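Enquirer: Letter by letter, the sequence shown follows residues 2 to 260 of the numbering used here.
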Amino acid sequence: MTASKKVALVTGAAQGIGRGIALRLVRDGFAVALVDIKREALDGVAREIQEQGGTCTTFSADIGDREQVRAAVDHADQTLGGFDVMINNAGIAQVKSIATVTPEDVERIYRINVQGVLWGIQAAADRFMMRQQKGKIINACSIAGHEGYALLGVYSSTKFAVRGLTQAAAKEYASKGITVNAYCPGVVGTDMWVEIDSLFAELTGAEKGATFNKYVEGIALGRPETPDDVAALVSYLAGPDSDYVTGQAILIDGGMVYR
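1. Should Gln53 be labelled buried (16 or more other beta-carbon atoms within 10 Å of its own) or exposed?
2. Output yes or no for whether 8 Å exceeds the beta carbon distance between Asn182 and Leu252.
3. Could you check the C-alpha separation between Val11 and Val258 for me, to the nearest Å?
4. Does the contact criterion of 3 or more C-beta pairs under 8 Å hold for the segment 136-143 versus the segment 81-94?
5. Going by the beta-carbon positions, is the gap between Ala32 and Ala15 smaller than 8 Å?
6. Provide the residue(s) that pair with Ser61 in DSSP beta bridges, ordered along the chain.
7. Would you call Asp268 buried or exposed, if buried means 16 or more other Cβ atoms sit within 10 Å of its Cβ?
8. Kindly list the residues whose CB is nearer than 6 Å to the CB of Lys160, restricted to its own chain and excluding five residues on each side of it in sequence; keep chain order.
9. Rounding to the nearest angstrom, what Cα-Cα distance links Leu35 and Gly83 in this structure?
10. For Val189, which option in Ala94, Gly117, Gly30, Val70 has the closest C-alpha, if you only look at C-alpha atoms?
11. Residues in the same chain with beta-carbon distance under 6 Å from Ala170, minus the five sequence neighbours each way, listed in chain order, please.
12. Per DSSP, which residues does Tyr184 bridge with? Please list them.
13. Starting from Leu153, follow the alpha helix (DSSP H) in both directions and report where the run begins and ends.
14. Using a 10 Å radius around the Cβ and a threshold of 16 neighbouring Cβ atoms, would you call Asn214 buried or exposed?
15. Only counting runs of 3 or more residues, tell me where the beta strand (DSSP E) segments fall wholly within the segment 78-147, in order along the chain.
16. Give me the Cα-Cα distance between Thr1 and Val46, rounded to the nearest whole angstrom.
17. Could you pull out every residue in the same chain whose Cβ sits closer than 7 Å to the Cβ of Ser199, ignoring the five residues on either side in sequence?
18. Among Asp37, Val8, Gly13, which has the Cα closest to the Cα of Leu26?
19. Exposed or buried, Tyr150, counting other C-beta atoms within 10 Å across all chains shown (16 or more means buried)?
20. Can you tell me whether DSSP reads Glu196 as helix, strand or coil?
21. Look up Ile1 in the DSSP assignment and give the residues it is bridged to.
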């Protein structure tokens, strides 16, 4: 237990953006609860943190399951001796034309991208109020939550839903001292974008790498995003300098979507 450090829980922490966020928050002085369904990869991130002298715990959970999310929050609180920040980072991609989307497709992606965020908001807010303290909830949105993209229609709709949940939760929990915000990445060099690029290639006949490169060409700053770029914004949202920020879905895309 570490009552001297603030505690953050990160879902989807085994790889990509989630891993980057966890490592950044450890550098910021947080104790971090790492949550993911991928046990082996999760343990690898934990070893990285421990080798750097950081404090962490791991919990394997399916974030589409409400009770498992609540159990993860309970584990973080009990094991690390507190609970201050919830980062609902876990999400999955889907590349399909609207004409070919099935009920199973919709159920699968909404279960993780929307229900997973909703269950995380509920569990975190309940824990903050039980502890009679303020807290921060930070959700994974996307540029696709500000603008719909062809072949990413249902995925885009999940991220629009995250924006709505973020705004509604910010209004509902403000009187309790709980802020709720979201971060909206663009084209990040992670395994998820490798998957998106590959699926675009299958559907359109484009060469592998072509879709990723096409989107990168539209970035004003001229390079793909990294998990560290995203983690820097999350660091701000998790820290005291963002105490007067709530209900926002902040674009961090290098200059792709302008709002």
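Backbone N, C-alpha and C fix where the C-beta goes; we use that ideal spot for every residue, glycine too. Every value quoted in this text rests on a predicted model; they were computed, and no experiment measured them.
Expert: Concretely, from the data shown:
1. Per the 10 Å Cβ criterion, exposed.
2. For Asn182 and Leu252, no; Cβs fall outside 8 Å.
3. Roughly 26 Å between the two C-alpha positions.
4. Put simply, the segment 136-143 touches the segment 81-94. At least three CB pairs are less than 8 Å apart.
5. Not closer than 8 Å, so no.
6. The bridge partners DSSP lists for Ser61 are Asp37.
7. Here the chain comprises residues numbered 2 to 260, so residue 268 is not present and cannot be evaluated.
8. Here Lys160 has Cys142, Ser143, Ala145, Gly146 as same chain residues with Cβ atoms under 6 Å from its own Cβ, once five neighbours each way along the sequence are excluded.
9. Computed Cα separation, rounded: 14 Å.
10. Of Ala94, Gly117, Gly30, Val70, the smallest CA-CA separation from Val189 is found for Ala94.
11. Setting aside the 5 residues that flank it on each side, Ala170 is surrounded in the same chain by Ile122, Val181, each with a C-beta closer than 6 Å to its C-beta; the list follows chain order.
12. In DSSP, Tyr184 forms a bridge with Ala141, Ile251.
13. From DSSP, Leu153 is part of no alpha helix (DSSP H); its letter is neither H nor E.
14. By the C-beta density criterion, Asn214 is exposed, having fewer than 16 other C-beta atoms within 10 angstroms.
15. Whole beta strand (DSSP E) segments, 3+ residues: 86-89, 136-141.
16. Given that the chain is displayed from residue 2 to residue 260, the structure contains no residue 1 and the question cannot be resolved.
17. Cβ within range, chain order: Lys209.
18. Here the closest residue by C-alpha is Val8.
19. Counting Cβ neighbours within 10 Å, Tyr150 comes out exposed, since fewer than 16 surround it.
20. Three-state result, Glu196: helix.
21. Residue coverage of the chain in this structure runs from 2 to 260, which leaves residue 1 outside it and unanswerable.
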